[in-house]
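In this note's numbering, the protein residues as written are 415 to 612.
Don't be surprised by glycine CBs; every beta carbon is placed ideally from N, CA and C.
First the structure, in the form of structure tokens, and then the observations on it.
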Amino acid sequence: MDVFKIAAKLFVIGDPLVHDQVIPIFHHWIQSQSVEGHLLIDVADYAHVVAGPGTVLISSQANFHVDRGENRLGLSYWRKLPLPGTFLERVWAVLAELFKAADKLQAEPELQGRLSFATNELLIRLNDRLLAPNNMQTMAAVRPAVEALMRQIYGGSSVTVESKPQPDALFELRIKSSQSPPLTAMLDRLDAAPAPSR
């Protein structure tokens, strides 16, 4: 599986109105270039679009979205540039960036206590309809790697990995766990998982 345009999303607990506060936070991240491995460029605000891309922090390597896709508030990481390694290692890298950004965002003083993430659910999308069409063949190709990584991240909790073949939509995996570990614990477990060169 040669896909590198991988996206992942964590959902927010509840639905706090945070978009107005996220914009200056993202601008501060740009000013301080505080996301390692990413050249942060600009912020775009689409919060007025129903179930749209939300507030976007644009970098050369990937985009970070605080979005309400499917009318559910969350943080998404959309990789744009290639990543080294196997498909498993690329998913590892995308999830690591998502978890670090989510942990950083919820710790911001402007949002602390108002924003927290439900880590028992993840959404992974493959943004390449040619290499990863939304069908059972793609599911068969990616499921073993993703399930192995989920077992690592969730520390042996019961985990389900599901997809719904829809030719007109991006391929996606919905992951649900019986437990909701802290983001820091999930990052620690990723450190023990197969990883690309850092």
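Do residue i and residue j have their CB atoms nearer than 8 Å?
i: residue 488; j: residue 424; result: yes
i: residue 415; j: residue 599; result: no
i: residue 586; j: residue 539; result: yes
i: residue 460; j: residue 478; result: no
i: residue 444; j: residue 532; result: no
i: residue 553; j: residue 589; result: no
i: residue 419; j: residue 542; result: yes
i: residue 422; j: residue 537; result: yes
i: residue 560; j: residue 508; result: no
Label residue i either buried or exposed according to how many other C-beta atoms from any shown protein chain fall within 10 Å of its C-beta, with 16 as the threshold for buried.
i: residue 544; result: exposed
i: residue 611; result: Low confidence applies here, because residue 611 scores a pLDDT of 42, under 50, leaving its location unreliable; read the following figure in that light. Exposed, because fewer than 16 other Cβ atoms sit within 10 Å of the Cβ of residue 611.
i: residue 484; result: exposed
i: residue 520; result: buried
i: residue 606; result: exposed
i: residue 463; result: exposed
i: residue 500; result: exposed
Can you give me the Cβ contacts of residue i inside the same chain, cut-off strictly under 7 Å, excluding the 5 residues immediately before and after it?
i: residue 467; result: 460, 479 and 481
i: residue 593; result: 534, 568 and 571
i: residue 557; result: 575
i: residue 435; result: 524 and 525
i: residue 430; result: 528 and 529
Using a Cβ-Cβ cutoff of less than 8 Å, which residues in the same chain neighbour residue i once the five nearest sequence positions on both sides are dropped?
i: residue 439; result: 519, 522, 524 and 525
i: residue 496; result: 418
i: residue 547; result: 581 and 585
i: residue 562; result: 502
When you compare the CB of residue i with every CB in chain C, is at least one pair closer than 8 Å?
i: residue 574; result: Reference to chain C is not applicable here, since this structure consists of a single protein chain.
Looking only at its own chain, which residues have a Cβ that is under 6 Å from the Cβ of residue i, when we skip the five neighbours before and after it?
i: residue 510; result: 604
i: residue 442; result: none
i: residue 456; result: 472
i: residue 433; result: 461 and 469
i: residue 638; result: Not covered by the structure: residue 638. The range shown for the chain is 415 to 612.
Is any heavy atom in the ligand SAM found nearer than 7 Å to the beta carbon of residue i?
i: residue 439; result: Absent from the structure shown: the ligand SAM. Ligands present: none.
Contact between the stretch 439–457 and the stretch 468–475 (3+ Cβ pairs under 8 Å): yes
Starting from the N-terminal side, write out each stretch of the beta strand (DSSP E) that is 3 residues or longer and does not extend beyond the stretch 542–582. 573–576
Runs of 3 residues minimum, wholly inside the stretch 470–507: which ones carry the beta strand (DSSP E) assignment? 476–481 and 488–493
Report the residue ranges of all beta strand (DSSP E) runs contained in full by the stretch 439–466; include only those spanning at least 3 residues, in chain order. 454–460
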